[in-house]
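Step one of this worksheet: look at the structure below.
Residue numbers (the numbering used here): 2 to 183.
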């Protein structure tokens, strides 16, 4: 806590309330499947991996369809043009040239495009496998955390019951030995 608050390590931190009160952020008694589903929906690394899958899919589609779609280029050049027959250079006039073209690009007679599409598919499949790996990791972490919380919850319930019994024993002992009943 001192490190988080950027305090000196020699600072002695004490809780304001000496009683330890368990805080329930997520209900522990719910089904494990729901806890795992909640974990899978809210983990930022899964959102990142899903975005990477979407980007890989877009690159793969682009590599597959790219050679089929032409690149359109339109240009226009304008200016003055001068000159004439023999040595007459006094004739000037405006001139404008416009061009439009569609260009298809095939790399290595199409084999380069095919290879690029295969690379895109491979990257897409790798990204999907990475998502599955992270999902399995998140599910394992949530399952382990749920088991730990349930175990500690049972231990806490047992400890609370032991404290109640000890308090009752102390109360009876005070009454029997000292006649004090408070």
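Note that beta-carbon positions come from the ideal geometry of N, C-alpha and C, so glycine has one too.
Taking the alpha-carbon of residue i as reference, which of the options has the nearest alpha-carbon?
{"i": "residue 21", "options": "180, 167, 120 and 161", "result": "161"}
{"i": "residue 46", "options": "137, 163 and 169", "result": "137"}
{"i": "residue 97", "options": "104, 89 and 80", "result": "80"}
{"i": "residue 29", "options": "154, 171 and 182", "result": "154"}
{"i": "residue 74", "options": "12, 24, 141 and 104", "result": "104"}
{"i": "residue 58", "options": "178, 174, 122 and 107", "result": "122"}
{"i": "residue 119", "options": "170, 89, 62 and 171", "result": "62"}
With 16 as the cutoff for other CB atoms within 10 Å, does residue i come out buried or exposed?
{"i": "residue 76", "result": "exposed"}
{"i": "residue 66", "result": "exposed"}
{"i": "residue 164", "result": "exposed"}
{"i": "residue 27", "result": "exposed"}
{"i": "residue 12", "result": "exposed"}
If residue i and residue j are in contact, beta carbons under 8 Å, what's the gap, nearest whole angstrom?
{"i": "residue 132", "j": "residue 54", "result": "6 Å"}
{"i": "residue 139", "j": "residue 33", "result": "That belief does not hold up - the Cβ atoms of residue 139 and residue 33 are roughly 13 Å apart, past 8 Å."}
{"i": "residue 99", "j": "residue 82", "result": "No, residue 99 and residue 82 are not in contact; Cβ-Cβ is about 15 Å, not under 8 Å."}
{"i": "residue 124", "j": "residue 60", "result": "7 Å"}
{"i": "residue 157", "j": "residue 19", "result": "With a Cβ gap of about 17 Å, residue 157 and residue 19 do not count as contacting."}
{"i": "residue 9", "j": "residue 64", "result": "About 57 Å; that fails the 8 Å criterion."}
{"i": "residue 84", "j": "residue 72", "result": "So it is not a contact: roughly 35 Å between Cβ atoms."}
Alpha carbon to alpha carbon, what distance is there between residue j and residue i?
{"i": "residue 113", "j": "residue 126", "result": "20 Å"}
{"i": "residue 78", "j": "residue 69", "result": "29 Å"}
{"i": "residue 151", "j": "residue 39", "result": "17 Å"}
{"i": "residue 51", "j": "residue 44", "result": "11 Å"}
{"i": "residue 169", "j": "residue 135", "result": "50 Å"}
{"i": "residue 175", "j": "residue 25", "result": "36 Å"}
{"i": "residue 173", "j": "residue 180", "result": "9 Å"}
{"i": "residue 128", "j": "residue 56", "result": "9 Å"}
{"i": "residue 48", "j": "residue 106", "result": "35 Å"}
{"i": "residue 3", "j": "residue 15", "result": "11 Å"}
{"i": "residue 159", "j": "residue 6", "result": "34 Å"}
{"i": "residue 89", "j": "residue 111", "result": "52 Å"}
{"i": "residue 35", "j": "residue 144", "result": "11 Å"}
{"i": "residue 146", "j": "residue 115", "result": "46 Å"}
{"i": "residue 167", "j": "residue 149", "result": "27 Å"}
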